[in-house]
Amino acid sequence: MQLKFYNSLTRRLEPFVPLEPGRAGLYTCGPTVYNFAHVGNFRAYAFEDILHRTLEYAGYKLVHVMNLTDVDDKTIRGSRAAGVDLRDWTRQYKDAFFEDLKTLGIAPATVYPAATDHVPEMIALIEKLVERGVAYKAADGCVYFSVAKFPSYGKLAHLDFSGMRSGVRISNDEYAKDSVGDFALWKAWDEADGPVKWDSPWGPGRPGWHIECSAMSMKYLGESFDLHTGGIDNLFPHHENEIAQAEAATGKPFVRCWMHCAHLRVNGEKMSKSLGNFYTLRDLLAKGWSGREIRHVLVAGHYRQPLNFAFDTLSAARVALSRIDDFSRRMEELASAKGAAAPAGQSPDWPNRHVAAFEDALADDLNTPLAFAAAHSLVNEGNRLAQEGTATPADAAAALAALAKMDRVLGVLSRPADQIPEQLQALLDARAAARTSKNWAESDRLRDEIASLGWSVKDTRDGQRVSKC
Ligand code: AMP
Ligand code: ZN
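Counting the sequence shown from 1 gives a position; this note's numbering is that position plus 1017.
Now the structure itself:
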């Protein structure tokens, strides 16, 4: 499977060629843990999950690093307002984040480094930049990166900073830094930081946000690595600054391929905390939507197209998933019918056509709309064969296997196990007892009672099998 991705750096669709054959290194900018993430944030994490799963599906041994920003203005402000230690304050949001990832079926990264555990690495990187003359300590005690000293600054955002390089100087009365574009690597401690500070060669303070990602990505993935992702709002200045810090320090190319997802919008505007137009995952769960339905909404659109958040889209996802579940149930029944096993080497081939279309779609810059279309055409063909009465148990088993294969990437197609309510379990137990004592009339009466609850029961060699009607 030759994967192709759109690289924000070159603005071209390119074949994915990793630095080391068979291996892939991926860094994704993670959450700032000062609050519950909203579903806009989860659009980015869901896109990154599709990338993660596609790389593994294609056979790459993946190292996926996602940072946790657990020190910045917002986390400090929040912890101080609550009168709680910064670590304790951020822990609750880290825990919530991991719980939300599970709810959305997002595959875990290999490692989740937290900024506060990597301050020595960040200090070492800043020292290197100071030694190389691309960073300086300013009058305000902070250390800044000098954009003028890094000639290729702007290459990711495709912006021309040459005017700035020719030396736009700002009066020192207003700005401590040499040039407006310079950004902080180390922030000197001030009273608003309270007890949050680390010692450094430049005095007490804390690292800036950008240096965090350069230091932690290189620690876990090396000075050059394959893929770096985020939402499109991270492209500038965050990712541009990451490149400047890393490449100015190492003299090596930092990342080969940058990928960015478009925003989740609400009425044409980016969903964001600052605009107040957001839903957290918890808000949506409380309204009765499932993690699976929300995931479907987040991954069914192409990651580079803006996606509008609307409850109609969630309803459409519910309908699409229940159709897939009906199909799975139908195929499960057919596959478990007598004579299910196909003779060796005679598994029907028709589902593989749909799997091939699915793989082509993903390989083409993670085209999930076409990948879902392949899943739906598998369902359509399977349903048609079942309707015509020509589907064999082997057809059904092969269709289920194809669906499961596709679900290794999409993560929404598998039918969740039916949760059996207590009342139903009691009726099933009573019916099993009635059947053991050959009381067929009671068994039939219980079957009707079970049906009135919306469930159907079948008797198999392995006992009663129950499914939702
Ligand atoms: P933040 O916590 O703001 O740094 O955001 C975490 C991740 O979510 C970053 O990759 C952002 O680019 C991404 N993000 C934030 N808002 C949205 C949105 N409305 N749609 C898609 N991605 C977003
Ligand atoms: Zn980052």
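Built from N, CA and C at the ideal position, the CB exists for glycine as well.
Going by the CB atoms, is the gap between residue 1311 and residue 1324 shorter than 8 Å? Against a cut-off of 8 Å, the Cβ pair of residue 1311 and residue 1324 comes out as no contact.
Going by DSSP, what residue range makes up the alpha helix (DSSP H) through residue 1395? Per DSSP, the unbroken alpha helix (DSSP H) holding residue 1395 starts and ends at 1385-1405.
Looking at residue 1266: is its Cβ nearer than 8 Å to the Cβ of residue 1145? Contact: yes.
DSSP three-state assignment for residue 1301, whether helix, strand or coil: If DSSP states are grouped into helix, strand and coil, residue 1301 belongs with the helices.
Reference residue 1263, options 1234, 1030, 1134 and 1277, closest by Cα: Closest option to residue 1263, Cα to Cα, is 1234.
Alpha carbon to alpha carbon, how far is residue 1041 from residue 1081? Rounded to the nearest angstrom, the two C-alpha atoms are 8 Å apart.
Validate contact between the region 1207-1226 and the region 1109-1121 using beta carbons, cut 8 Å, 3 pairs: The region 1207-1226 vs the region 1109-1121: no contact.
Taking only heavy atoms of ligand 1 into account, decide whether any of them is closer than 7 Å to the Cβ of residue 1061. Yes.
Rounded to whole angstroms, what's the CA-CA distance from residue 1290 to residue 1055? Just pull it up for me. Rounded to the nearest angstrom, the two C-alpha atoms are 8 Å apart.
Suppose the cutoff is 7 Å on Cβ atoms and the five residues either side in sequence are ignored; what does the same chain contact list for residue 1167 look like? Cβ neighbours of residue 1167 beyond the five flanking positions: 1151, 1261 and 1265.
Using the C-alpha atoms, what's the distance from residue 1344 back to residue 1330? Between the alpha carbons of residue 1330 and residue 1344 lies a distance of about 21 Å.
Quick check: the region 1095-1113 against the region 1224-1242, are there 3 or more CB pairs under 8 Å? Flag = no, the region 1095-1113 and the region 1224-1242 do not touch.
Kindly list the residues whose CB is nearer than 6 Å to the CB of residue 1457, restricted to its own chain and excluding five residues on each side of it in sequence; keep chain order. Closer than 6 Å at Cβ, skipping near neighbours: no residue.
If you pair each beta-carbon of the region 1414-1426 with each one of the region 1389-1400, do three or more pairs fall below 8 Å? Using a Cβ-Cβ distance cut-off of 8 Å, the region 1414-1426 and the region 1389-1400 are in contact, since at least three pairs of beta carbons, one from each stretch, lie closer than that value.
Roughly how many whole angstroms lie between the Cα atoms of residue 1060 and residue 1319? It is roughly 11 Å from the alpha-carbon of residue 1060 to the alpha-carbon of residue 1319.
Would the C-beta of residue 1278 count as close to ligand 2, meaning under 7 Å from any of its heavy atoms? Outside the cutoff, so no.
Quick one: does the C-beta of residue 1274 sit closer than 7 Å to a heavy atom of ligand 1? Flag unset: Cβ of residue 1274 not near ligand 1.
Rounding to the nearest angstrom, what Cα-Cα distance links residue 1470 and residue 1336 in this structure? Looking at the two C-alpha atoms, the distance is approximately 21 Å.
Apart from the five residues on each side of it in sequence, which residues of its chain come closer than 8 Å, Cβ to Cβ, to residue 1285? In the same chain as residue 1285, and ignoring 5 residues on each side of it, the C-beta atoms closer than 8 Å to its own belong to 1325, in chain order.
Classify residue 1455 as helix, strand or coil using the three-state DSSP reduction. In the structure shown, residue 1455 sits in coil (DSSP, three-state: anything other than H, G, I, E or B).
Tell me the DSSP secondary structure of residue 1052 in three-state form. Under the three-state reduction of DSSP, residue 1052 is assigned to coil, being neither helix nor strand.
Classify residue 1268 as buried or exposed, calling it buried when 16 or more other Cβ atoms lie within 10 Å of its own Cβ. By the Cβ-count criterion, residue 1268 is exposed, with fewer than 16 other Cβ atoms from all chains shown falling within 10 Å of its own Cβ.
Please determine, among 1170, 1203 and 1194, the residue with the shortest C-alpha to C-alpha distance to residue 1138. Ranked by how close their Cα comes to the Cα of residue 1138, the residues 1170, 1203 and 1194 have 1203 in first place.
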